[in-house]
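The structure appears below as structure tokens.
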Amino acid sequence: MPPFRCPLHSECVATILVTGGAGYIGSHTRYFLEKRGYSVLVVDNLSRGYKEAVPAEQLRVLDTRDGGRMEQLLRDERVDAVIHFAAYISVGESTQAPELYFENNASGSLSLFEAMLRAGVKRLVFSSTAAVYGIPQTVPITENEPYAPINPYGESKVMVEKMLEWLDRYREFRSIRLRYFNACGAEPEAGLGERHDPETHLIPLILRAIQTGEPVTFFGNDYPTPDGTCIRDYIHVSDLAEAHIHAVEHLLRGGQSEVFNVGTGTGHSVKEVMEAVERVTGKKVPHEIGPRREGDPPVLVADSQKLQAALGWRPARADLDRIVSDAWQFAQRAR
Ligand SMILES: NC(=O)c1ccc[n+]([C@@H]2O[C@H](COP(=O)([O-])OP(=O)(O)OC[C@H]3O[C@@H](n4cnc5c(N)ncnc54)[C@H](O)[C@@H]3O)[C@@H](O)[C@H]2O)c1
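Per the numbering used here: the sequence shown = residues 10 to 344.
This is how it looks when you write it as structure tokens:
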């Protein structure tokens, strides 16, 4: 695809503001937006992100809840669209302190939307999650599955999704809600990868076990799945980043609001992921089996046909060994 030219001011390239762009998925998306030729700005308060993940000239250390400064920035930089990643992401933390999640994820998003409305910026891509479905009734999961979150993190994302539905209806505020499944992998050549602290995601935890010799705990091996471990849909972070570019271009072209799942449509069990790590690294994974975690459904796999049909997106890096290999390269550099 040729670089997208802004339809609003014909001589220049669109300016995209990425909130949470110093974090895992945001930093990859920023990188792909820049490669595609966009003018990119990142807003991050660095509470959970890394300033090295963003070129200094693009980074504004700012909190999305600071409505006045956000409005000013949106006006000064003539922002055309916002991709909104900034949020807290830990399910466990959200059960210990739900108020943090309602304040930062829900209320923080509302502050941002208010600033955008005041500045006249009405296009937004939102990081939603499979957690809005809770324990789904049907797998693969389509976007028609009802909202049924089972933790405050998922609920905070449902709240934002509902705000966006009403803003679309009454304020011509157009948004694409992307419900991601398990983001993973890395872009090691760009020095980008997954570094959550604390880390709760499976692949970096397995890689860390290999690096430290400390066993990783797998939660449950008696699920109703072929090998007894949970099955998830692992989506390469760079494929996810490209989904955001498709989404933002749809909005810049004047497209309507939509909601899409983003996954590969293929599930891998915890045991299969461990085996892929052993193939890629040539090392045995020290591990132990713990009890099941409350609220972990046996199988979560996305049906992403809607996104593929509507925007022409395809997961180009879905091979599990490729995902693990990219994550492993990054983990070795980051140590
Ligand atoms: N990682 C996944 O597998 C996954 C799955 C589904 C949805 N998501 C969603 O994707 C988004 C990004 O996830 P991630 O894994 O990159 O998380 P991350 O923690 O790596 O990145 C989030 C970034 O947002 C910043 N931030 C948080 N609150 C802020 C605020 N009020 N103002 C400014 N910056 C703020 C943090 O400093 C961090 O850099 C989140 O909204 C998350 O809910 C992630």
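Ideal placement from N, C-alpha and C gives every residue a C-beta, glycine not left out.
The model shown is predicted, which means the values in this text are computed figures rather than measured ones.
With a contact defined as Cβ atoms closer than 8 Å, A343 and G202 qualify at about 6 Å. Apart from the 5 residues on each side of it in sequence, G35 sits with its Cβ closer than 6 Å to the Cβ of V27, G29 and F94 in its chain, given in chain order.
Secondary structure of L55 (DSSP, three-state): coil. Sequence-distant partners of L176 (beyond 5 residues in either direction) whose C-beta falls short of 7 Å from its own C-beta, in its chain, are F122 and F182. Annotation note: the stretch 248-292 contains the following uninterrupted beta strand (DSSP E) runs of length 3 or greater, listed N- to C-terminal: 267-271. When DSSP reads this structure, L187 sits in a beta bridge with S136 and F269.
Listed in chain order, the non-local C-beta contacts of I25 below 8 Å within the same chain comprise L42, Y47, S48, V49, L50, V88, D89, A90, V91, I92 and V257, local neighbours out to five positions each way being set aside. Here I92 carries a strand assignment [DSSP, helix/strand/coil]. At a Cβ-Cβ threshold of 8 Å, I185 and V134 count as neighbours. In this structure, T209 has its CB at a distance of at least 7 Å from all heavy atoms of ligand 1. The secondary-structure analysis by DSSP pairs V308 across a beta bridge with I240.
Spatial neighbours of A62 in its own chain (CB-CB distance under 7 Å, excluding positions within 5 residues in sequence) are listed in chain order as A31, S36 and L201. The stretch 138-156 and the stretch 215-223 do not touch, with fewer than 3 CB-CB distances between them shorter than 8 Å. Selection Y179, S136, L329 and V310 evaluated against Y162 yields S136 as nearest (Cα-Cα). For E297, the pairing in a beta bridge is given by DSSP as T226. Around G101, the same chain offers T209 as residues with beta carbons nearer than 7 Å, after the five sequence neighbours per side are excluded. For the set S266, H259, L260 and T226, the Cα lying nearest the Cα of R178 is the one of S266. For E152, the secondary structure class from DSSP, reduced to helix, strand or coil, is coil. Nearest to R74 by C-alpha distance, out of A124, E108, R45 and Y243, is A124. Taking the C-beta atoms as reference points, V289 is found nearer than 8 Å to W337. Contact between G263 and I244 does not hold, since the beta-carbon distance rounds to 28 Å and is not under 8 Å. For A192, the three-state secondary structure derived from DSSP is strand. Nearest C-alpha to K44 among T275, A199 and P158: A199.
For L187, the closest alpha carbon among the candidates F339, T138 and N113 is that of T138. Comparing alpha-carbon positions, the option among P158, L260 and R127 lying closest to M79 turns out to be R127. In this structure, the C-beta of H253 stays at least 7 Å away from each heavy atom of ligand 1.
Here V148 has V308 and V310 as same chain residues with Cβ atoms under 6 Å from its own Cβ, once five neighbours each way along the sequence are excluded.
In the displayed model, I159 falls within coil according to three-state DSSP, outside both helix and strand.
Relative to ligand 1, even the nearest heavy atom lies 7 Å or more away from the CB of L176. In this structure, L55 has its beta carbon less than 7 Å from a heavy atom of ligand 1.
DSSP, read as helix, strand or coil, puts H37 in helix. For the options Q220, L320 and K280, the alpha carbon positioned closest to that of I254 is the one of L320.
Here E164 is buried. Its C-beta has 16 or more other C-beta atoms within 10 Å. Between D242 and G276, the CB-CB gap stays under 8 Å.
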